[in-house]
Amino acid sequence: MRETDSTITGNDLRSASVGRTDELSAWLSSRRRLVALTGAGCSTESGIPDYRGPQGSWNRRKPMTIGEFLRSPENRQHYWARSSRGWPRFAAAQPNSTHKALAAMEHDHRLSFLITQNVDGLHQKAGSSEVLDLHGRNDRVICLECRQLSDRQALQNRLYELNRNWFERSSEIPLTQLADGDSELTRDDTLDFRCADCIACGGLLKPDVVFFGESVPAPVVATAMNHVENSDGLLVIGSSLTVWSGYRFALAASKLAIPIAIINVGDSRADDLAGIRVNRECGAVLAELNL
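In our numbering, the protein residues as written are -12 to 278.
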C-alpha cells in the first residue's frame, strides 16, 4: 500500500496545516533514492511568473502553442518580439532558497536526481548537477532545419541590431513580465519587428524548449521515468501537475507503490496519490525542514 502521513490523511491532504513539516522532514530523512520533480512554483520567488494560478487557471493569457508558432511569420514575429522584451529580466533571474535547498540536498546525498519542468536553468545555477530539463532550456535556441543549437543571448544581440528603433520605442511601454521570459505586447506593438534566421542555414529559429502542444522527446521521458521507477520516493515541489508531461511521473510512482510527497500552493492533480501534502510556498517549507 502507498505510504501515508500519520496525521494528515485522506481528503485532509488538500488542506495540510501551516507549519506541519515534522512529518515531511521524517519522510525525507528516511529516503535513500529520492527524486524531486519541480515546477514553476520553485521559480516565482526569483521573479519568474508561472503560467497558472493556485487553482490551475491561466494567468493573463495562454502561451503560444507550437502550432501557432509554425503557422505564420506574423506569429513568430509576435513571439520573438515579446520574448526579446522579456529576455533581459528572465536571464538575470537568480536562484532562490528553494533551488539552493535542493542543491544542498543533492550535495548531502539526500536527493539522487531532479526532474524540472522549468526552462530557466536556476537549479544548475544553484549548484545542482543531477538535473534533467524535461521541457528544455530557454537559454538555448534550435534551428528547425539543421537542428544546430546556439546561445539565446547571442540571438538577443542579433535581434537588437536588427531592431534598434523598435527596442527604443518599446522601452516606453511598461514591461509586464510573463512566464518563461515572455512579456505582454499587442500585435500592433510588434508589426515592424524583424526576426533573425539561423546563421548556419537560414532556417527557422525556436527556443530549445517544449512548447504547449509539443511532445517531450521520448528519450528524455525514458530517462526521467527510469529514475522515478528506481527511486524510493517522489517529492513534487511547486507544480500543480496539470499537464501530462509531469503528472505521468506521479502516476507511475503511485502504480509502483513509490511514496509521494507534494509541496505546492493550491490543488495538485496528484493530491489523491500523495501520502504527504503541504499547501504552502515551497521555499518556506524547505527552510523549516530539519534534515
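By construction, the Cβ of each residue, glycine as well, lies at the ideal position given by its N, Cα and C atoms.
Being a predicted model, the structure only gives us computed values, none of them experimental.
8 Å Cβ cutoff met for residue i and residue j
{"i": "L142", "j": "A183", "result": "yes"}
{"i": "V203", "j": "H122", "result": "yes"}
{"i": "G253", "j": "E32", "result": "no"}
{"i": "S223", "j": "A257", "result": "According to the sequence shown, residue 223 is Val rather than Ser. Yes."}
{"i": "N266", "j": "S227", "result": "no"}
{"i": "L131", "j": "G190", "result": "yes"}
{"i": "F236", "j": "A261", "result": "no"}
{"i": "N213", "j": "R20", "result": "no"}
{"i": "P82", "j": "Q164", "result": "no"}
Distance between residue j and residue i (C-alpha atoms, nearest Å)
{"i": "S16", "j": "R97", "result": "8 Å"}
{"i": "C185", "j": "R264", "result": "46 Å"}
{"i": "L178", "j": "L172", "result": "11 Å"}
{"i": "I245", "j": "L149", "result": "52 Å"}
{"i": "R124", "j": "V118", "result": "12 Å"}
{"i": "S59", "j": "I53", "result": "11 Å"}
{"i": "V215", "j": "S255", "result": "18 Å"}
{"i": "L101", "j": "T25", "result": "8 Å"}
{"i": "R279", "j": "G108", "result": "Look at the range of the chain in this structure, -12 to 278, and you will see that residue 279 is not part of it."}
{"i": "T103", "j": "A80", "result": "17 Å"}
{"i": "T229", "j": "S158", "result": "35 Å"}
{"i": "P161", "j": "H110", "result": "29 Å"}
{"i": "E10", "j": "V196", "result": "36 Å"}
{"i": "C188", "j": "A68", "result": "22 Å"}
{"i": "A248", "j": "W14", "result": "9 Å"}
{"i": "T8", "j": "A240", "result": "22 Å"}
{"i": "E201", "j": "S12", "result": "37 Å"}
{"i": "L146", "j": "S116", "result": "32 Å"}
{"i": "L276", "j": "A205", "result": "35 Å"}
{"i": "R151", "j": "N144", "result": "10 Å"}
Under the three-state DSSP convention, the category residue i falls into
{"i": "P204", "result": "coil"}
{"i": "T292", "result": "Any answer about residue 292 is impossible in this case: the structure gives the chain only from -12 up to 278."}
{"i": "Q64", "result": "helix"}
{"i": "N213", "result": "helix"}
{"i": "C269", "result": "helix"}
{"i": "F77", "result": "helix"}
{"i": "G43", "result": "Note on G43: pLDDT 49, under 50, position unreliable in the model; the coordinate value appears next. Reduced to three states, the DSSP call for G43 is coil."}
{"i": "L260", "result": "helix"}
{"i": "C130", "result": "strand"}
{"i": "F180", "result": "coil"}
{"i": "Q164", "result": "strand"}
{"i": "L172", "result": "coil"}
{"i": "N144", "result": "helix"}
{"i": "E275", "result": "helix"}
{"i": "T103", "result": "strand"}
{"i": "L149", "result": "helix"}
{"i": "R124", "result": "strand"}
{"i": "T229", "result": "coil"}
{"i": "S137", "result": "strand"}
{"i": "D195", "result": "strand"}
{"i": "A248", "result": "strand"}
{"i": "T31", "result": "helix"}
{"i": "A240", "result": "helix"}
{"i": "L281", "result": "This structure cannot speak to residue 281, because the chain is shown only from -12 to 278."}
Same chain, Cβ closer than 6 Å to residue i, neighbours up to 5 away in sequence not counted
{"i": "M92", "result": "L98"}
{"i": "G114", "result": "A90"}
{"i": "R18", "result": "D219 and G220"}
{"i": "R88", "result": "The residue asked about is misnamed: residue 88 is Ala in this sequence, not Arg. L273, listed in sequence order."}
{"i": "G43", "result": "Residue placement at G43 is poorly supported in this model, since its pLDDT is 49, which falls under 50; the coordinates are not used for a value here."}
{"i": "G34", "result": "A80"}
Residue i at chain D interface by Cβ criterion, 8 Å
{"i": "Q111", "result": "Given the protein chain composition of this structure (a single chain), no chain D is represented."}
8 Å Cβ shell around residue i - same chain, five flanking residues per side excluded
{"i": "F56", "result": "N62, R63, Y66, K193 and F198"}
{"i": "R139", "result": "W74, A78, N125, D126, R127, V128 and P194"}
Cβ neighbours of residue i in the same chain (closer than 7 Å, five flanking residues each side left out)
{"i": "R174", "result": "H65"}
{"i": "C29", "result": "T85, H86, N105, I224, G225 and C269"}
{"i": "Y234", "result": "L228, R256 and A257"}
{"i": "W153", "result": "D179 and F180"}
Is it a yes or a no for the stretch 162 to 169 touching the stretch 70 to 89, going by three-plus beta-carbon pairs under 8 Å? As far as the Cβ criterion goes, the stretch 162 to 169 touches the stretch 70 to 89, which means the pair count is three or higher.
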